[in-house]
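Working notes, beginning with the structure itself.
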Amino acid sequence: MLKTDKINTSLTAIRSLRSSVSQVFEKLSCGDEATLQQQLQDHFNTITTNLRELESAVNTFSATGPFNLGNTSFLAQETSQERQILYSQLVNSYKWIDKIHDHSYLAHNVLTSNNLKRSCISKRGRIPPTISNANSIQHLESILKECTAQHNIICKVTRPFGSNGVIILNIGRVFKAAIICKGLVMEWVTIKGWDESLELEDLWTESRYQVFQKVQDHCHVAMLHFFSTTLPHVAVKCYMTYLHNYNKLFTDVCKKCGKHLSKGLPPTWRDLRNLEPYHEECWNG
Amino acid sequence: MGVTILQPYLFQEGKGGITAIEYLTKRLISMGAKQAGSFIVDCETIVSLSSSMPQPPSNKAVHILHNSEFPASTFSILDTGAKHIPLVADNLFDLLMIKIGNVYTQKKQPSIESKGPRFEYGDFLIKLGSVTMNGNFKGILIEFEYRPCIVFLNCWELMRELIQGFLGISISSTYPQFFQQQTLISGHQSLKQNDSFQAIDTINQYLEHFINYRKQTTSIGGSTQITGLPLRS
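Each protein sequence line maps, in turn, to chains A and B.
Residues in the first sequence are numbered from -17 upward in steps of one, following the working numbering.
Residues in the second sequence are numbered from 232 upward in steps of one, following the working numbering.
Pasting the structure below:
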């Protein structure tokens, strides 16, 4: 609305400028010689004011296009075919960066107000030595060996992301879990059904089954609960015990309502202290 | 591929098949299930009257089944009388059977099929199948599948709760006959209930019920086998 108003005023300004200029030529062709000079003077003054109006109207328009891309906007005027594509790509990446900026700003706001701070950086700005321990690779594997022997879990550690390990676990014949670690700190858990694949590209996708989507959510809650900066190996051990408890996912009944199913789901929540099974609704209700 | 249990539906007196399906559909929708297309399982049986063979006249039958859940496969089960030998093949197997058919001194049994709507309720898949033999209505078979689980033993209680809640009947906690069979799991004799569930297990259950339906002389009535007792009349 505002933009059309602006265009209208500038168009009116152009029209009045044109009419005042044409009046000058009219006077020149059939004017009275005595008063010509005075009249021309007046007309020129009008032209100057009209011109100023037009200029100010034009200046109200912002820079061309929605983005101020600086010199790069000249790319649009490139004559060679190959380089013309660059401009649209540039605009697209600019849009993406803009979006990322917005999202990161929002995320920053949310995270600063969140109590579950997982940052390793202490107040002095020092990273505790246990986290970035160079021995963590062997350490992680020895801890896992201990846990899996205890709980009879089949486990495999791969390192597709450099030194950071991905632990693939088989929990009974119930589900498969992938834990992505950074040193000894667990960063992400993915739960997949027994018949779903859990390759590198599946690490970030959700399971197609509702029950495992719920279990994954609950596992993330547990991961944050067990997290400890000072004793990360204890966190790993506790977490293994927690995950092992899920091998009775389909056979356990809810401690509160005594039933298997609630809204078509088995009791997916485990009490974090004594690992007793509950339905999500029963636990919250 | 999750665990599947087939449950024949016991009719209430004076109700037709269509009204029963409508009633079950209403129950499912009120439970919160969503309809997701339809399904069909069909079965053809060729019986060879092995007259050319010197052995005692044992009737060998080949059952050929299709399941719309596995559209690219043909399931065939060779019934020697003592043993069932399953074979899962591509669809081309149907064409092969036409050629082989001449070898058999064949006697075709009426084709039987179960088809109807399928519903999704959480991770459950519930299929209401009307069984028809040569176009004649024979009964209703309800298929319950729990997709995330692959071992029958793990989810039997959970499925029993769903079936009891849905059909309003009480079902005994002993495992269905099908899951009490002996089977080989990685070289060891074990019970079927511990084995990973496979597509052929669904087909075997269907075949079991289809054979029962064929044996029945009366069409609709109380002769369908059911382990539970009706709670509501």
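C-beta: ideal position from N, C-alpha, C; glycine also.
Quantities reported herein were computed from a predicted structural model and do not represent experimental measurements.
Shown here, Ile277 of chain B sits in a strand according to DSSP, grouped into three states. At a Cβ-Cβ threshold of 8 Å, Phe428 of chain B and Ile236 of chain B do not count as neighbours.
Fewer than three Cβ pairs drawn from the stretch 308 to 326 of chain B and the stretch 338 to 353 of chain B lie within less than 8 Å of each other, which leaves the two stretches out of contact.
In the displayed model, Asp432 of chain B falls within a helix according to three-state DSSP. Using a Cβ-Cβ cut-off of 8 Å, Asn298 of chain B does not count as an interface residue toward chain A, since no Cβ of chain A sits closer than that to its own. Listed by position along chain B, the residues whose Cβ is nearer than 9 Å to that of Val171 of chain A form an empty set, because the closest Cβ is around 17 Å away. Rounded to whole angstroms, the separation of the alpha carbons of Pro249 of chain A and Asn443 of chain B is 37 Å. Taking 8 Å as the cut-off, the Cβ atoms of Phe306 of chain B and Val293 of chain B do not count as close.
In chain order, Ile308, His315, Pro317 and Phe409 place their CB closer than 8 Å to the CB of Asn435 of chain B, counting only its own chain and leaving out the 5 sequence neighbours on each side.
Boundaries of the alpha helix (DSSP H) around Ser261 of chain B: Gly248 to Met262. Cβ proximity to chain B below 9 Å picks out Val235, Lys241, His242, Leu243, Lys245, Gly246, Leu247 and Pro248 from the stretch 235 to 249 of chain A.
The continuous alpha helix (DSSP H) containing Ile329 of chain B extends over residues Phe324 to Ile331. Straight-line spacing of the CA atoms in Thr(-6) of chain A and Leu93 of chain A works out to 53 Å. Between Ser345 of chain B and Val272 of chain B, the C-beta spacing is below 8 Å. Under a 10 Å Cβ-count criterion, Gly347 of chain B is classified as buried, with 16 or more other Cβ atoms of the shown protein chains found around its own Cβ.
Beta-bridge partners assigned by DSSP to Lys358 of chain B: B:Arg349 and B:Glu374.
Leaving aside the five residues that flank Arg155 of chain A on each side, the residues in its chain whose CB is nearer than 7 Å to its CB run, in chain order, Trp176. Between Tyr228 of chain A and Leu422 of chain B, the alpha-carbon positions lie close to 24 Å from each other.
For the C-beta of Trp176 of chain A, the chain B residues within less than 7 Å are, from N- to C-terminus, Ile381. A contact between stretches requires three or more CB pairs, one per stretch, nearer than 8 Å, and the stretch 228 to 246 of chain A fails this requirement with the stretch 241 to 255 of chain B.
By the beta-carbon neighbour count (other beta carbons within 10 angstroms, threshold 16), Asn385 of chain B is buried. Interface with chain B (8 Å Cβ-Cβ cutoff): Thr233 of chain A is included. Excluding sequence positions up to five before and after His242 of chain A, its CB lies within less than 7 Å of the CB of Val235 and Pro248, all in the same chain and listed in chain order. Here Asn365 of chain B carries a coil assignment [DSSP, helix/strand/coil].
Shown in chain order are the members of the stretch 187 to 198 of chain A whose Cβ falls below 9 Å from a Cβ of chain B: Ser189, Arg190, Tyr191, Gln192, Val193 and Phe194. Of the residues assessed, Phe43 of chain A falls on the exposed side of the cut-off, its CB having fewer than 16 other CB atoms within 10 angstroms. For the pair Glu35 of chain A and Gln21 of chain A, the Cα-to-Cα distance works out to about 21 Å. The distance from the Cβ of Lys158 of chain A to that of Leu180 of chain A is about 5 Å, consistent with a contact at the 8 Å cut-off. Per DSSP, reduced to three states, the secondary structure at Phe301 of chain B is coil, with no helix or strand assignment.
For the options B:Ile357, B:Thr363 and B:Ile381, the alpha carbon positioned closest to that of Ile373 of chain B is the one of B:Ile357. At a Cβ-Cβ threshold of 8 Å, Ile135 of chain A and Ile161 of chain A do not count as neighbours. Boundaries of the beta strand (DSSP E) harbouring Gln413 of chain B: Gln413 to Ile416, taken from the DSSP string. When C-alpha distances from Asn298 of chain B are compared across B:Tyr437, B:Lys446 and B:Gln447, the shortest belongs to B:Tyr437. Closest by C-alpha distance to Leu72 of chain A, out of A:Gly52, A:Tyr224 and A:Leu33, is A:Gly52. Beyond the five residues adjoining it in sequence on each side, Asn91 of chain A comes within less than 6 Å, by CB distance, of no other residue in the same chain. A direct Cα-to-Cα measurement between Lys245 of chain A and Pro259 of chain A gives close to 16 Å.
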